[in-house]
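Position one of the sequence shown corresponds to residue 2 (the numbering used here), numbered consecutively onward. A short worksheet on the structure shown next.
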Amino acid sequence: MSNSKKSTDTKKIDNQKATIAGLNTEIVTHVCKRCNRTFNLRAKDLAYLSSNSECIFHWGKLRNVRVDKVIEHKYSCCSGGMDSDGCEVGKHVYDGDYNGNGNGLNLAGYIQVDENTTSDEYKTSQNVYALDCEMCYTTKGLEVTRISIVDIHLNEIYESLVKPDTQILDYNTRWSGLTEESLRNCNKKLKHVQADLMKLFNKDTILIGHSLDSDFKAIKLIHTNIIDTSVVFPHKMGPPYKRALRNLMSEYLQKIIQEDVEGHDSKEDAAACISLMIWKINEDLRSKKFANILNQPDSRSNQSNNSLLNKNSTSTFNINNISSSNANLGNQRNLTITNNKMNMPKIASK
Ligand SMILES: [Zn+2]
Ligand SMILES: [Zn+2]
Numbered sequence: 002m003s004n005s006k007k008s009t010d011t012k013k014i015d016n017q018k019a020t021i022a023g024l025n026t027e028i029v030t031h032v033c034k035r036c037n038r039t040f041n042l043r044a045k046d047l048a049y050l051s052s053n054s055e056c057i058f059h060w061g062k063l064r065n066v067r068v069d070k071v072i073e074h075k076y077s078c079c080s081g082g083m084d085s086d087g088c089e090v091g092k093h094v095y096d097g098d099y100n101g102n103g104n105g106l107n108l109a110g111y112i113q114v115d116e117n118t119t120s121d122e123y124k125t126s127q128n129v130y131a132l133d134c135e136m137c138y139t140t141k142g143l144e145v146t147r148i149s150i151v152d153i154h155l156n157e158i159y160e161s162l163v164k165p166d167t168q169i170l171d172y173n174t175r176w177s178g179l180t181e182e183s184l185r186n187c188n189k190k191l192k193h194v195q196a197d198l199m200k201l202f203n204k205d206t207i208l209i210g211h212s213l214d215s216d217f218k219a220i221k222l223i224h225t226n227i228i229d230t231s232v233v234f235p236h237k238m239g240p241p242y243k244r245a246l247r248n249l250m251s252e253y254l255q256k257i258i259q260e261d262v263e264g265h266d267s268k269e270d271a272a273a274c275i276s277l278m279i280w281k282i283n284e285d286l287r288s289k290k291f292a293n294i295l296n297q298p299d300s301r302s303n304q305s306n307n308s309l310l311n312k313n314s315t316s317t318f319n320i321n322n323i324s325s326s327n328a329n330l331g332n333q334r335n336l337t338i339t340n341n342k343m344n345m346p347k348i349a350s351k
């Protein structure tokens, strides 16, 4: 076992090396996130051992259902109760380094755009993209299988399938829409996608998405210039609760997304995030949230104020304003929008 292999494995929880009696094989043990049973991978190549039990699980979520005036917890997949046997059979899965598992995130293989790639010419609406990924379960955890990027006009900028390096345990077809067949002829690996992204993004690129942390972990990207619609449109109960993208689209834009029985469409989800943000900006403009800022006597001359909305040439929106006061955007940067490039689509309000 190599040193690098060792260091990778020590990052994982449940990596209790064990010896199977008689076989003298080093194994890595994980707890299945779907059924809570333990399962084993062969340590040297992360092969899924055939001696593992079947994973019997509910693919749906537990929901509160009123039955005879009593609230009961039932799975959305089969209406089974909280303690019922699962309704689907598959392999055991885990999230891998994806969620850090309490040991911190393993940042090996992560990429970040060059700090020096910043320039006024990048500070335009053409440098704003939305990104969404589909993922599958592999013996390394959750890995990306598809990535879609659209621009502010909802044009497709980048679209690719991605073949995981390790054995796939579950294609997540129900959610991802991808199957073994979809990836059969795909030769693109994550490292190739990362190289493409580094050509597409620079330090000023603003990336929009819904729960972007998941996507960034999947494509191993570090980027701080972001707008996350799960934060801009928070759940009424606050974190860690998040509103579903399809519910936001339905509520604010009266649009039904994720209807396809064959799974999500990452391009559709990325476009939905752009539409929501454009709706939000237009709505804030309409509700005169910017009025106070515009009426400040020195606002036109004070660029450092960064809250200027100038009809003549360049409009600098403070993202913090755009995304409303209840949004914690982490890194609040300024989006400069040149009018002749902006041409912001109008999204009808409810
Ligand atoms: Zn079920
Ligand atoms: Zn399981």
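From the three backbone atoms N, C-alpha and C, an ideal C-beta is built for every residue, glycine too.
1) Tell me the rounded alpha-carbon separation between Ile-223 and Val-71.
2) Mind checking who His-31 pairs with in its DSSP beta bridge?
3) Measuring straight from C-alpha to C-alpha, what distance separates Met-83 and Ser-120?
4) Just tell me which of Asn-203, Glu-181 and Arg-43 has its CA closest to the CA of Asn-173.
5) Whole angstroms is fine: what's the gap from Ser-177's alpha carbon to Asp-133's?
6) What would DSSP say about Gly-103, mapped onto helix, strand or coil?
7) By the DSSP assignment, the alpha helix (DSSP H) with Glu-181 in it spans what residues?
8) Okay, do the segment 134-145 and the segment 105-116 touch, 3+ Cβ pairs below 8 Å being the bar?
9) Measuring alpha carbon to alpha carbon, tell me which of Gly-97, Lys-289 and Tyr-253 ends up nearest Ile-275.
10) Assign Ala-219 to one of two classes, buried (16 or more other C-beta atoms within 10 Å of its C-beta) or exposed (fewer than that).
11) Who are the Cβ neighbours of Asp-171 in its own chain at under 7 Å, not counting the five residues just before and after it?
12) Does ligand 2 have even one heavy atom less than 8 Å from the beta-carbon of His-93?
13) Under 8 Å by Cβ, that's how I've got Tyr-159 and Ile-148 pegged, so tell me the actual separation to the nearest angstrom.
14) How far does the beta strand (DSSP E) with Asp-229 in it reach, from first residue to last?
15) Is Cys-33 near ligand 2, judged by its Cβ being under 8 Å from some heavy atom?
16) Report, in whole angstroms, the separation of the C-beta atoms of Asp-270 and Ile-258, which I expect to be a contact under 8 Å.
17) When you measure from the CB of Asn-37 to every non-hydrogen atom of ligand 2, does any distance come out below 8 Å?
18) Within its chain, find whatever has a CB closer than 8 Å to the CB of Leu-179; leave out the 5 residues flanking it on each side and keep chain order.
19) By Cβ distance below 8 Å, which residues in the same chain neighbour Ser-212 in space, the five residues on each side in sequence not counted?
20) Flag this pair as yes or no: are the beta carbons of Gln-127 and Asp-152 separated by less than 9 Å?
21) So, for Leu-191: in the same chain, excluding its five sequence neighbours on each side, which residues have a beta-carbon less than 8 Å away from its beta-carbon?
22) Who pairs with Leu-162 in a beta bridge, going by DSSP?
23) Rounded to the nearest angstrom, what separates Cys-36 and Ile-282 at their Cα positions?
24) Do you know whose CA, among Asn-53, Ser-215, Pro-240 and Lys-268, lies nearest Glu-157's CA?
25) Return the residue from the list His-74, Met-238 and Tyr-123 that minimises the CA-CA distance to Asn-226.
26) Are the beta-carbon atoms of Arg-38 and Val-32 separated by less than 9 Å?
27) Mind checking which residues open and close the beta strand (DSSP E) that includes Asp-214?
28) Quick check on the contact list: which residues have their beta carbon closer than 5 Å to a heavy atom of ligand 1?
29) Just how far apart, CA to CA, sit Asn-203 and Cys-78?
30) Looking only at its chain, what residues have a beta carbon closer than 7 Å to the beta carbon of Leu-249, apart from the 5 residues adjacent to it on each side?
31) Below 8 Å on the Cβ atoms is my contact criterion, and I expect Trp-60 with Glu-89 to pass it. Report the Cβ-Cβ distance as a whole number of Å.
32) Rounded to the nearest angstrom, what separates Ser-80 and Phe-58 at their Cα positions?
33) Which of the three DSSP states is assigned to Met-199 in this structure?
34) Nearest-angstrom Cα distance between Lys-45 and Val-194?
35) On a CA-only basis, which of Leu-63, Asn-186, His-236 and Gly-239 is nearest Ser-85? Give me that one, please.
36) State the beta-bridge partners of Glu-157 as determined by DSSP.
In brief:
1) Distance between the alpha carbons of Ile-223 and Val-71: 46 Å.
2) Paired residue(s): Phe-40.
3) Roughly 55 Å separates the two Cα atoms.
4) The shortest C-alpha to C-alpha distance from Asn-173 to any of Asn-203, Glu-181 and Arg-43 is the one to Glu-181.
5) Roughly 11 Å between the two C-alpha positions.
6) Residue placement at Gly-103 is flagged as unreliable, the pLDDT there being 47, under the threshold of 50; the coordinate-derived value follows with that caveat. Of the three classes helix, strand and coil, the one that applies to Gly-103 here is helix, per DSSP.
7) Boundaries of the alpha helix (DSSP H) harbouring Glu-181: 181-184, taken from the DSSP string.
8) Put simply, the segment 134-145 does not touch the segment 105-116. Fewer than three CB pairs are less than 8 Å apart.
9) The candidate whose alpha carbon is nearest that of Ile-275 is Tyr-253.
10) It counts as buried.
11) Once the five neighbours on either side are set aside, the close Cβ partners of Asp-171 are Gly-91, Lys-92, Val-94, Cys-137 and Tyr-138.
12) Checking every heavy atom of ligand 2 against the Cβ of His-93, one is found closer than 8 Å.
13) The C-beta separation of Tyr-159 from Ile-148 comes to about 7 Å, placing the pair in contact by the 8 Å criterion.
14) From DSSP, the beta strand (DSSP E) with Asp-229 extends over 227-229.
15) The answer is yes for Cys-33.
16) Right, the Cβ-Cβ distance comes to about 7 Å (below 8 Å), so this counts as a contact.
17) The beta carbon of Asn-37 sits closer than 8 Å to at least one heavy atom of ligand 2.
18) Excluding positions up to five away in sequence, the list reads Glu-135, Cys-137, Thr-146, Arg-147, Leu-162, Tyr-172, Asn-173 and Gly-264.
19) Within the same chain, Asp-229, Ser-231 and Lys-243 come within 8 Å of Ser-212 by CB-CB distance, once the 5 residues on both sides are set aside.
20) The answer is yes: Cβ separation under 9 Å.
21) Same-chain partners within the cutoff: Gly-110, Glu-144, Val-145, Val-163, Pro-165, Asp-166, Ile-220 and Lys-221.
22) Note: Leu-162 sits in a beta bridge opposite Arg-147.
23) Using only the alpha carbons, I get a separation of about 43 Å.
24) Checking every option, the nearest Cα to that of Glu-157 belongs to Lys-268.
25) In terms of Cα proximity to Asn-226, the closest of His-74, Met-238 and Tyr-123 is Tyr-123.
26) It is a contact, given that the beta carbons lie within the stated cut-off.
27) Asp-214: not part of any beta strand (DSSP E); member of the alpha helix (DSSP H) spanning 213-220, first to last residue.
28) A distance filter of 5 Å between CB atoms and the heavy atoms of ligand 1 selects the following residues in sequence order: His-59, Tyr-76, Cys-78, Cys-79, Gly-81 and Cys-88.
29) Counting only the Cα atoms, Cys-78 lies some 42 Å from Asn-203.
30) Excluding residues within five positions, the ones whose Cβ falls inside 7 Å are Thr-230, Phe-234 and Leu-277.
31) That pair is a contact at about 5 Å.
32) Taking the straight line joining both Cα atoms gives about 13 Å.
33) DSSP places Met-199 in helix when its eight states are reduced to three.
34) Roughly 26 Å between the two C-alpha positions.
35) Selected option, being the one with the closest Cα: Leu-63.
36) Glu-157 is bridged to Val-151.
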